Amino acid sequence: MDRDRITFALPKGRLLEKAVELLLKAEIDASQVLEKTRKLIFENGKYRFILVKPFDVSTYVYHGAADLGIAGKDVIEEKGLDVYEPIDLKFGFCRLCVAEPVDISEPYDIEKLSFIKVATKFPKITDKYFRSKGVHPEIIELYGSVEIAPLLELTDRIVDLVQTGSTMKANGLREVDTILVSTARLIVNRASLKTKYERVKDLVGRIKEIYLSGNISK
Numbered sequence: 028m029d030r031d032r033i034t035f036a037l038p039k040g041r042l043l044e045k046a047v048e049l050l051l052k053a054e055i056d057a058s059q060v061l062e063k064t065r066k067l068i069f070e071n072g073k074y075r076f077i078l079v080k081p082f083d084v085s086t087y088v089y090h091g092a093a094d095l096g097i098a099g100k101d102v103i104e105e106k107g108l109d110v111y112e113p114i115d116l117k118f119g120f121c122r123l124c125v126a127e128p129v130d131i132s133e134p135y136d137i138e139k140l141s142f143i144k145v146a147t148k149f150p151k152i153t154d155k156y157f158r159s160k161g162v163h164p165e166i167i168e169l170y171g172s173v174e175i176a177p178l179l180e181l182t183d184r185i186v187d188l189v190q191t192g193s194t195m196k197a198n199g200l201r202e203v204d205t206i207l208v209s210t211a212r213l214i215v216n217r218a219s220l221k222t223k224y225e226r227v228k229d230l231v232g233r234i235k236e237i238y239l240s241g242n243i244s245k
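Our numbering puts the first residue of the sequence shown at 28, with every later residue one more than the last.
Here it is as structure tokens:
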């Protein structure tokens, strides 16, 4: 890893614009990642930005390909990698919820369940949650259109991220339990904390100051 360069892993999708806005307020211009291009690596002075899928941010940071990253708490928990997580960035709010068809014959009751069959792209979080409640889960991993699993009788229930709930309602589902509340977090590679201590400390401090001053929108 280049000792004179700080590399940020930034998530494609819904968190990206807020991440760029935050960095700009910290005097780090990453606006070029918003340009319509197929490029995935961008450089601006002593900063490099890599644009990756949200589920991959913590992997790049953990393995040292990036010094810092911005990732949702849901992804951090699902990956379970040992990264330093100094700041809750407060934006990108969503919930990881259990949902079921509104017309299901036996409505969800966690106190009465001993077994549950669910479709999700968060198998580790889902398994850990239900086992902590004394429920044995059968998990079917899906990575797109999880909402249709109950409609096709693949599973009775799903575990998925919810922001407004409109997609679930449109597909005849209702939320019945919340497993995790998620917001974006700043994460740091633990080796970079030592090898680039002064620069990383300065960056984390600048971002913390933005929140202490209230100069950020959620």
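Here a beta-carbon is modelled for each residue, glycine too, at the ideal position from N, C-alpha and C.
On a predicted model such as this, the values are computed, not experimentally measured, just so you know.
Excluding the 5 residues flanking residue 163 on each side, which residues of the same chain have their C-beta closer than 7 Å to its C-beta? 141 and 142
Distance check for residue 39 and residue 76, CA to CA, integer angstroms please. 12 Å
Could you pull out every residue in the same chain whose Cβ sits closer than 6 Å to the Cβ of residue 36, ignoring the five residues on either side in sequence? 77, 79, 84, 87, 88, 93 and 96
Cβ contact (3+ pairs, closer than 8 Å) linking the stretch 104-113 and the stretch 126-145: no
Can you tell me where the alpha helix (DSSP H) holding residue 193 begins and where it ends? 193-197
Would you give the residue range spanned by the alpha helix (DSSP H) that residue 137 belongs to? Counting along the chain, residue 137 falls outside any alpha helix (DSSP H), and DSSP gives it neither H nor E.
Out of 31, 44, 34 and 33, which has the shortest C-alpha to C-alpha gap to residue 211? 44
Excluding the 5 residues preceding and the 5 following residue 113 in the sequence, name in chain order all residues of the same chain whose CB lies nearer than 7 Å to its CB. 213, 215 and 231
Could you tell me the distance, in whole angstroms, from the CA atom of residue 195 to the CA atom of residue 174? 7 Å
Selected residue, minimal CA-CA separation from residue 191, among 152, 176, 124 and 217: 124
Would you mind sorting residue 193 into buried or exposed? The rule is 16 or more other CB atoms within 10 Å of its CB. exposed
Mind checking whether residue 153 and residue 167 have CB atoms under 8 Å apart? no
Residue range of the alpha helix (DSSP H) that residue 157 falls in? 150-159
CB of residue 206 within 8 Å of CB of residue 145, strictly: no
If you scan the stretch 79-133 from start to end, which runs of the beta strand (DSSP E) of 3 or more residues do you find wholly inside it? 95-99, 111-115 and 121-128
Starting from residue 203, trace the beta strand (DSSP E) both ways and give me its first and last residue. 200-209
Using a Cβ-Cβ cut-off of 8 Å (strictly less than) and excluding sequence neighbours within five positions of residue 53, which residues of its own chain qualify? 230, 233, 234 and 237
CA-to-CA distance, residue 228 to residue 55, given in whole angstroms: 15 Å
Roughly how many angstroms separate the alpha carbons of residue 179 and residue 90, rounded to a whole number? 39 Å
Start and end residues, beta strand (DSSP E) containing residue 184: 184-189
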